[in-house]
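Enquirer: What follows is a structure written as structure tokens; I'll ask about it next.
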Amino acid sequence: MHSPRIFTSPLDYGYTYSGTASTAYKDTVCAAIRIGSISHEDFLDILRRCVLELRETFEIVAQADPEVADLVARMAYIESLVDDERARGSESQEGVVRQLNIMVLLHHCYDALCACVAATCNHEMLGNPDFVGRGMQLQMAKGCAILVNIVSMVHCFANDADPQAHTEDVACDKEVVSNINLSLNTYLNTKCIAIVRCLNPALSAENQQYGRSSSRIVRHNAELLRKVAELVDPSIPHCFRHYTQSCFSTLSEVIDSCSAECEEILQGDEIACMRLLLSSEASEACFDDLSRYVNRSEAGSAAKHRTSACTRALIKAIGCLLLIYREYAASESANHPFACSIEQCIRILRDSVYSQLSHHEWGEAEGANVAHEVHLHIRRATDELHAIAPELLLPELLLSPHISGELHQKALCCLEEMSCAWKSANSEHFSVPEEGESSSRHPATSLSTEQATSVSTSAPALVCASSVLEEARISSPRSSRTPSGDIEPPVKRARSA
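Position one of the sequence shown corresponds to residue -1 (our numbering), numbered consecutively onward.
What follows is the structure in structure tokens.
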């Protein structure tokens, strides 16, 4: 019985999966379904093997936590549904009947997934040294991952059996799906990076112990949430999307409630407070888009957001870079030159740009100097990304040239979007002299007008098509400190409902 492997790096933490719990396994099966190389009977055999492994996994955890016995029973029932379908086998069935059978199976699998992420052992038992020492939390993560894969594969099989059944649902804006994944990455990473500062030796032993326990819970539930996020996909029928939203709400509630006391402990830590605020804004952006995904409302530019356009673009840019970085961290290649440059960009955006951007939006830092300083930080990150453009590097120097290239390009688009939004919000400081006029007549632009305007032409277009994010797993905290400028202690701004 394989278990997920834990990886750590200066900027990331998470689980990597193998076998039936891996994303690669799911993608392989779904690809075979789409090209017609897997029959109905073969698919049911694959499904049954996954369900049996799930049942065995939950039986192991139930020995340490009897409450998990409910999940064992759910797996036994799902196994019986699969066996019934296999028994009918080659018997002729109307397409409608077969679709109904698949829909019933899907509802039970989703119910099991909701029960899995809501299991109390995902938070209450993580303070038990014996439970953690035996790796039971990893078995729960494995169970969640296999369930997500089962749901994805059954959806794929259903869509292949009746491609016209969900045409309307596929029309969901793919940009919304991309934005959910990007803001989720920023939300989880900055939350974990912030609360791990409770381990600061300057704090009391009691606070450090609480921080250690909270960090373990937040990291684990963040990993589950990243796995569930693989079900945010335009091809998922609308009638099932509320299940994913429910899992998001359950896991984010655990993450936020568990970190609440850590936030009290960190009130005097300006760096941690700023990261917690960024996490909060990323969470709002994520759930705003998730609501649009589930309800199919307020599409496109008509959507109302609780965060500014500049902040949303920043959140998406950081999310892209975190996805690239995680690929290297998970393969123990965080010291790769490409990964190090990506890490540097993340630090610039998270620790330099966001702090000044937030103070500006609160009205605490204004004027030409702030406007141009933020713009130059954005330019610095953009230049760093241009210097490591995948097309300029040998393919063998990248772990996954295709995915890294898509995310790299998306990050550049987000930085261009952010630059335009920032200059628009501070237009009085970025007015360009008419041709023939002396720049001395415009003191507000004396801080290098060329640098202030060059971002507009350095990236492709303001609005870029979103890339399909095949892999969006976990990113999490670092234990070492990161540099940051002196920041005034943040006061959370009032937000509309």
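Cβ coordinates follow ideal geometry from the N, Cα and C atoms, glycine included. The model shown is predicted, which means the values in this text are computed figures rather than measured ones.
My parser needs the alpha helix (DSSP H) runs of 4 or more residues fully inside the segment 203 to 277; what are they?
Expert: 203 to 226, 239 to 263
Enquirer: Can you find at least 3 beta carbon pairs, one from the segment 247 to 261 and one from the segment 41 to 59, that sit closer than 8 angstroms?
Expert: no
Enquirer: Would the segment 67 to 86 count as touching the segment 121 to 136 if we require 3 or more Cβ pairs under 8 angstroms?
Expert: no
Enquirer: Under 8 angstroms between the Cβ atoms of His427 and His370?
Expert: Counting from 1 along the sequence shown, the entry for residue 427 is found at position 429. Counting from 1 along the sequence shown, the entry for residue 370 is found at position 372. Contact flag set, yes.
Enquirer: Measure from the alpha carbon of Leu264 to the alpha carbon of each residue in Arg217, Pro8, Ile401, Ile191, then state which is nearest.
Expert: Reading the sequence shown from its first residue, position 266 is the one you call residue 264. Checking every option, the nearest Cα to that of Leu264 belongs to Ile191.
Enquirer: When we look at the beta-carbon of Lys250 and count the other beta-carbons within 10 Å, is it buried (16 or more) or exposed?
Expert: Looking up residue 250 in the sequence shown gives position 252. A quick correction: the sequence has Ser, not Lys, at residue 250. It is buried - the Cβ of Ser250 has at least 16 other Cβ atoms within 10 Å.
Enquirer: Would you say the beta carbon of Cys418 comes nearer than 7 angstroms to a heavy atom of the ligand FAD?
Expert: Only the bare structure without any ligand can be found here, which leaves the ligand FAD out of the picture.
Enquirer: Of all the alpha helix (DSSP H) runs that stay within the bounds of the segment 349 to 381, which reach a length of 4 or more residues?
Expert: 352 to 359
Enquirer: Buried or exposed: where does Gln407 fall if 16 or more other Cβ atoms within 10 Å of its Cβ makes it buried?
Expert: The residue given as residue 407 occupies position 409 in the sequence shown. Per the 10 Å Cβ criterion, buried.
Enquirer: Quick one, which of Ser289, Glu262, Ile313 has its alpha-carbon nearest Ser278's?
Expert: In the sequence shown, the residue the question calls residue 278 occupies position 280. Considering only alpha carbons, the answer is Ile313.
Enquirer: Could you spell out the range, first to last residue, of the beta strand (DSSP E) harbouring Arg3?
Expert: Translated into positions along the sequence shown, residue 3 becomes position 5. 3 to 6 is the span of the beta strand (DSSP E), which, as asked, contains Arg3.
Enquirer: Put Gly12 into one of helix, strand or coil per three-state DSSP.
Expert: Here residue 12 corresponds to residue number 14 of the sequence shown, with the count starting at 1. The answer is strand: DSSP assigns Gly12 an E or B state.
Enquirer: Give the range of the alpha helix (DSSP H) segment to which Asp40 is assigned.
Expert: Counting from one through the sequence shown, the residue named residue 40 turns up at place 42. Start and end: 38 to 60.
Enquirer: Would you report the Cα separation of Ser233 and Ala156, rounded to the nearest angstrom?
Expert: Position 235 of the sequence shown, counted from the first residue, corresponds to residue 233. Position 158 of the sequence shown, counted from the first residue, corresponds to residue 156. The alpha-carbon atoms of Ser233 and Ala156 are separated by roughly 11 angstroms.
Enquirer: Just curious, the alpha helix (DSSP H) that His400 is in, first and last residue?
Expert: The residue given as residue 400 occupies position 402 in the sequence shown. Run containing His400: 399 to 423, per the alpha helix (DSSP H) assignment.
Enquirer: How many angstroms separate the CA atom of Asn367 from the CA atom of His375?
Expert: Counting from 1 along the sequence shown, the entry for residue 367 is found at position 369. Counting from 1 along the sequence shown, the entry for residue 375 is found at position 377. Taken atom to atom, the span from the alpha-carbon of Asn367 to that of His375 is near 12 angstroms.
Enquirer: Check whether the Cβ atoms of Leu182 and Ala227 lie closer than 8 angstroms to each other.
Expert: On the sequence shown, residue 182 is found 184 positions in, with the first residue counted as 1. On the sequence shown, residue 227 is found 229 positions in, with the first residue counted as 1. Contact: yes.
Enquirer: State buried or exposed for His400, treating a residue as buried only when at least 16 other CB atoms are found within 10 Å of its CB.
Expert: Within the sequence shown, numbered from 1, the residue matching residue 400 stands at position 402. Exposed.
Enquirer: Is Leu288 closer than 8 angstroms to Gln243 when the C-beta atoms are compared?
Expert: Taking the first residue of the sequence shown as 1, we reach residue 243 at position 245. Taking the first residue of the sequence shown as 1, we reach residue 288 at position 290. In this structure, Gln243 sits near Leu288, with a CB-CB distance shorter than 8 angstroms.
Enquirer: So does the segment 138 to 146 actually touch the segment 110 to 125, counting three or more Cβ pairs closer than 8 angstroms?
Expert: Contact holds: three or more Cβ-Cβ distances are below 8 angstroms.
Enquirer: Do the CB positions of Tyr185 and Cys284 come within less than 8 angstroms of each other?
Expert: Working through the sequence shown from its first residue, we reach residue 185 at position 187. Working through the sequence shown from its first residue, we reach residue 284 at position 286. In this structure, Cys284 lies closer than 8 angstroms to Tyr185 by Cβ.
Enquirer: For the alpha helix (DSSP H) containing His121, list its first residue and its last residue.
Expert: Taking the first residue of the sequence shown as 1, we reach residue 121 at position 123. Judged by DSSP secondary structure, His121 falls outside any alpha helix (DSSP H); it is assigned neither H nor E.
Enquirer: Closer than 7 angstroms by C-beta to Thr14: which residues in its own chain qualify, once you throw out the five before and the five after it? Chain order, please.
Expert: Within the sequence shown, the letter at position 16 stands for residue 14. Once the five neighbours on either side are set aside, the close Cβ partners of Thr14 are Pro2, Arg3, Phe5, Ala328.
Enquirer: State buried or exposed for Cys237, treating a residue as buried only when at least 16 other CB atoms are found within 10 Å of its CB.
Expert: For the purposes of this step, residue 237 is taken as residue 239 along the sequence shown, with counting starting at 1. The residue is exposed, with fewer than 16 neighbouring Cβ atoms inside 10 Å.
Enquirer: Measuring straight from C-alpha to C-alpha, what distance separates Met151 and Phe41?
Expert: Along the sequence shown, one-based indexing puts residue 151 at 153. Along the sequence shown, one-based indexing puts residue 41 at 43. Roughly 9 angstroms between the two C-alpha positions.
Enquirer: Tell me the rounded alpha-carbon separation between Asn205 and Arg214.
Expert: Mapped onto the sequence shown, residue 205 falls at position 207. Mapped onto the sequence shown, residue 214 falls at position 216. Their Cα atoms are separated by approximately 14 angstroms.
Enquirer: May I ask you to report which of helix, strand or coil DSSP gives Leu396?
Expert: The residue labelled residue 396 in the question sits at position 398 within the sequence shown. Here Leu396 sits in coil by DSSP.
Enquirer: By Cβ distance below 6 angstroms, which residues in the same chain neighbour Leu223 in space, the five residues on each side in sequence not counted?
Expert: What you label residue 223 is simply residue 225 of the sequence shown in a count that begins at 1. So the list reads Leu249, once near-sequence residues are dropped.
Enquirer: Taking 8 angstroms as the threshold (C-beta atoms), are Ala409 and Cys338 in contact?
Expert: As a working note, residue 338 is residue 340 in the sequence shown. As a working note, residue 409 is residue 411 in the sequence shown. Not closer than 8 angstroms, so no.
Enquirer: If the criterion is Cβ atoms closer than 8 angstroms, does the pair Ile322 and Ser202 meet it?
Expert: As a first step, residue 322 must be located in the sequence shown, where it is residue number 324. As a first step, residue 202 must be located in the sequence shown, where it is residue number 204. No; because the gap between Cβ atoms is not below 8 angstroms, this pair is not in contact.
Enquirer: Reducing DSSP to helix, strand and coil, say where Phe426 ends up.
Expert: By one-based count along the sequence shown, residue 426 stands at place 428. As written in the sequence, residue 426 is Glu, which differs from the Phe given in the question. Here Glu426 sits in helix by DSSP.
Enquirer: Grab the span of the alpha helix (DSSP H) containing His0 for me, first residue to last.
Expert: Position 2 of the sequence shown, counted from the first residue, corresponds to residue 0. Premise fails: His0 is in no alpha helix (DSSP H) and is neither H nor E.
Enquirer: Report the rounded CA-to-CA distance for Glu497 versus Leu347, giving the unit in angstroms.
Expert: For the chain, the structure presents residues -1 to 495; residue 497 sits outside this window and is missing.
Enquirer: Nearest-angstrom Cα distance between Arg86 and Ala22?
Expert: Residue 86 sits at position 88 when you count from the first residue of the sequence shown. Residue 22 sits at position 24 when you count from the first residue of the sequence shown. Straight-line Cα distance between these residues: approximately 30 angstroms.
Enquirer: Excluding sequence positions up to five away, which residues of its chain have a Cβ less than 7 angstroms from the Cβ of Gly17?
Expert: If you number the sequence shown from 1, residue 17 lands on position 19. Taken in chain order, the residues that qualify are His0, Tyr23.
Enquirer: Under the rule that 16 or more other beta-carbon atoms within 10 Å means buried, what is Ala385, buried or exposed?
Expert: Your numbering for residue 385 matches position 387 in the sequence shown. With fewer than 16 Cβ atoms within 10 Å of its Cβ, Ala385 is classed as exposed.
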